[in-house]
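Novice: The sequence shown begins at 1156 in my numbering and counts up one residue at a time. All residues carry an ideal CB built from backbone N, CA and C; glycine is no exception. Since we're looking at a predicted model, the values are computed, not measured.
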Amino acid sequence: MKAILQRVTSASVTVDNQLISSIGKGILVLAAVGQHDTKREAEGLAGKVLKMRMWDGEDGISQFTLYAGETQHEHRSAEAEANATAATNKGNKPSFHKSAAPEQARSLYEHFVAKVREGHGEQRVKDGVFQAMMQVALVNDGPITLEIESEPPQPQISTAKADKERERHKANGVITKIDGAS
């Protein structure tokens, strides 16, 4: 999973001319789910979002933290949106073949949002409408914009394929361990 984090003074989501959610000062999270992502990646990304340092510390030094402490009348919140992941390395047309299928993406996005809510507070995390055409409005603060991603899932190599790779390396005088094989 990947996400773009934007520090904002405000953000809102509108669908069909109806305001769905809005936040004041906080973080706008644009999350994308890839075809090989699992709950593990969703939880890892949620953990990174919750721990990311995004505000100055009390001493004025840039320590950046999602929480930044509650100060008088100040409420920090997060807004999460689901997005498709696209490859743009060839030509000018985005390719979405690495995006998760809609049901997988919905499940992992909802799991991601639940984990962020669990760590940051149910009422402090808003989201949009999955698979809706949304208008996302924001006022950047800084601007501070970060791109983060979870650890990519490790491909599983079958035992037969791993054995074949070991034999090939052994024949070439290279001894190696093939990840994902026992």
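1. Grouping DSSP H, G and I as helix and E and B as strand, with all else coil, what is Asp1171?
2. Whole angstroms is fine: what's the gap from Val1188's alpha carbon to Gly1181's?
3. When the Cα of Ala1186 is compared with those of Glu1306, Ile1159, Asp1171, which residue comes out closest?
4. Checking 7 Å against the spacing of the C-beta atoms, do Ala1166 and Phe1267 come in under that value?
5. Could you have a look at Glu1358 and say whether DSSP puts it in helix, strand or coil?
6. Return the CA-CA distance between Ser1305 and Val1291, expressed in angstroms with no decimal places.
7. Would Val1294 and Val1168 be called neighbours here (beta carbons separated by less than 7 Å)?
8. Based on the DSSP output, what are the partners of Met1209 in its beta bridges?
9. Indicate the three-state DSSP secondary structure (helix, strand or coil) for Pro1249 in the structure shown.
10. Between which residues of its own chain and Arg1261 is the CB-CB distance below 6 Å, once the five residues before and five after are set aside?
11. I need the DSSP call for Lys1290, collapsed to helix, strand or coil.
12. Rounded to whole angstroms, what is the Cα-Cα separation between Ile1299 and Ser1250?
Specialist: The structure says:
1. Here Asp1171 sits in coil by DSSP.
2. Looking at the two C-alpha atoms, the distance is approximately 22 Å.
3. Looking only at Glu1306, Ile1159, Asp1171, the smallest Cα-Cα distance to Ala1186 is reached by Ile1159.
4. Ala1166 is not a Cβ neighbour of Phe1267, given a cutoff of 7 Å.
5. Nothing about residue 1358 can be read from this structure; the chain reaches only from 1156 to 1337.
6. Counting only the Cα atoms, Val1291 lies some 24 Å from Ser1305.
7. No, the pair does not count as a contact, with Cβ atoms beyond the cut-off.
8. DSSP output for Met1209 lists no bridge partner at all.
9. Note: Pro1249 maps to coil in three-state DSSP.
10. For Arg1261, where only same-chain residues beyond five positions count, the Cβ hits under 6 Å are Phe1285.
11. First, the residue type needs correcting, since residue 1290 is Gln and not Lys in the sequence shown. When secondary structure is reduced to three states using DSSP, Gln1290 falls in the strand class.
12. Cα to Cα, the separation comes out at about 27 Å.
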